[in-house]
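Residue numbers (full-length UniProt numbering): 1 to 418.
Don't be surprised by glycine CBs; every beta carbon is placed ideally from N, CA and C.
Keep in mind it's a predicted model, so treat the numbers as computed, not measured.
Below: one structure, written as structure tokens.
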């Protein structure tokens with residue numbers, strides 16, 4: 001049966017809002033049940049992220065299957081059928097498998113090589129498995145895709161280096177001024193949180209300051225840092241080796257004149273103060289960079305650093321694609337073999353079950369004097385013997401190449417009358 005993948009991603013929508021095409025976890029489960037209730041859909045998995053909604057389905061007919069998937073998506077998304085059909089990407093059989101392998105490898109992500117997608121695909125697969133909408137093919141496909149995702153990250157540098165402005169800032173600090181002991185973080189949002197965590201993990205003593213003191217205290221406590229009042233922190237800025245600013249303020253928190261005066265009053269005027277401005281709009285006066293003992297790093301410099309890291313990741317894409325090609329060829333070969341030999345293996349086991357049942361029935365009168373436990377033991381013994389006899393030919397079928405396996409299957413059909 002054909003495999004199809006139908007999906008919408010933020011990257012393909014341009015300026016259009018993705019929210020019309022997003023779906024939450026509960027609706028995913030409803031969609032899965034709805035899809036597999038159709039006579040055209042045998043198996044289904046829905047992958048949903050903040051920027052992607054994709055359905056992988058084993059269908060009885062390609063074109064009718066795609067139409068069915070789009071129709072069901074329109075029932076659970078905030079977009080109608082024509083809107084979905086206009087922007088959706090569609091992949092078929094090996095193309096669908098390849099797309100999933102690319103997805104778990106991180107080369108379809110906006111941030112190339114990010115690892116979060118592995119967890120998202122794993123959750124999607126687990127959800128479909130729990131709901132009961134996966135069978136042998138999608139079970140094998142999704143398990144293999146997760147293995148591919150891990151393999152490309154261990155054998156290439158696709159996920160190496162940082163692609164977060166917060167972590168980039170802390171990496172840049174280590175290059176600009178190694179051995180920093182005391183740092184200030186101003187701002188208790190997502191960026192401030194990531195910076196605080198990275199600094200604490202590197203053994204830096206961190207003070208957190210925020211205009212809303214409670215948020216600053218909560219952030220500091222969660223990472224083992226200390227919180228201080230914002231005004232006090234700004235007044236004593238020169239006491240730190242480095243300071244990070246990530247707030248939404250519309251005015252400069254630090255201006256050149258005030259900082260220059262504070263530096264001149266400090267005993268060790270030659271020590272370098274590194275300031276990071278990650279705010280939008282700017283949190284710091286750009287003129288601060290003119291002070292000889294101040295190193296000012298703004299978002300533009302951080303983005304330049306990130307671009308260099310992304311170039312390194314992009315250089316790995318061809319290596320990742322080579323791994324995907326090999327993995328896809330192996331998966332396709334195994335899938336074809338399973339589809340070809342599956343009926344033979346099922347018939348062989350059915351033959352064994354028939355022999356077992358027939359012999360037990362034939363000897364039922366002789367076993368009538370056994371108690372229930374003894375009867376169960378006899379049945380288990382017979383089942384074990386049949387299983388051991390069939391294990392060897394089934395294992396050989398699965399291990400050999402497809403051409404030889406087909407000849408062996410023909411022989412089994414002839415010998416056992418399957």
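If you draw a straight line from the alpha carbon of residue i to that of residue j, how long is it in whole angstroms?
i	j	result
residue 55	residue 93	13 Å
residue 111	residue 163	7 Å
residue 44	residue 338	19 Å
residue 173	residue 199	10 Å
residue 420	residue 381	There is simply no residue 420 to check, as the chain begins at 1 and stops at 418 in what is shown.
residue 52	residue 9	4 Å
residue 182	residue 208	11 Å
residue 117	residue 83	26 Å
residue 315	residue 152	13 Å
residue 336	residue 374	43 Å
residue 319	residue 156	7 Å
residue 383	residue 356	7 Å
residue 244	residue 167	12 Å
residue 347	residue 414	12 Å
residue 15	residue 21	14 Å
residue 317	residue 239	45 Å
residue 360	residue 418	21 Å
residue 150	residue 109	15 Å
residue 67	residue 349	37 Å
residue 64	residue 39	11 Å
residue 312	residue 165	16 Å
residue 392	residue 343	17 Å
residue 265	residue 273	14 Å
residue 236	residue 309	34 Å
residue 282	residue 249	8 Å
residue 210	residue 300	24 Å
residue 17	residue 247	26 Å
residue 81	residue 72	9 Å
residue 48	residue 23	7 Å
Given that a residue counts as buried once 16 or more other Cβ atoms are within 10 Å of its Cβ, and exposed if not, what is residue i?
i	result
residue 28	buried
residue 91	buried
residue 422	In the structure displayed, the chain extends from 1 to 418; residue 422 sits before or after that span and is not available.
residue 251	exposed
residue 144	buried
residue 377	exposed
residue 267	Confidence in residue 267 is poor, its pLDDT being 49 and thus under 50, which makes the residue's placement too unreliable to answer from.
residue 305	buried
residue 419	The question about residue 419 has no answer here: the residues shown for the chain are numbered 1 through 418.
residue 325	exposed
residue 175	exposed
residue 99	buried
residue 159	buried
residue 104	buried
residue 212	exposed
residue 33	exposed
Could you check where the alpha helix (DSSP H) with residue i kicks off and where it finishes?
i	result
residue 94	94-105
residue 81	81-87
residue 263	256-264
residue 172	165-176
residue 29	25-36
residue 74	62-76
residue 119	116-131
If you follow the beta strand (DSSP E) that residue i is in, where does it begin and where does it stop?
i	result
residue 147	Segment 136-155 is the alpha helix (DSSP H) holding residue 147; no beta strand (DSSP E) there.
residue 59	52-59
Per the DSSP calculation, residue i is bridged to which residue(s)?
i	result
residue 8	53
residue 244	185 and 276
residue 48	53
residue 209	186
residue 295	274
residue 226	207
residue 284	254
residue 43	58
residue 90	6
At a Cβ threshold of 7 Å, is residue i touching chain C?
i	result
residue 136	Of the protein chains in this structure there is only one, and it is not chain C.
Subject >> contact_flag[the segment 255-263, the segment 283-292] where n(CB pairs < 8 Å) is 3 or more >> reply: yes
**OP:** Say whether the segment 108-124 touches the segment 138-152, bearing in mind that this needs 3 or more beta-carbon pairs closer than 8 Å, one atom from each stretch.
**Re:** yes
**OP:** Check whether the segment 325-333 touches the segment 289-307, taking contact to mean three or more Cβ pairs, one atom from each stretch, closer than 8 Å.
**Re:** no
Original post:
Is the segment 205-225 close to the segment 182-194, with three or more CB pairs under 8 Å?
Top reply: yes
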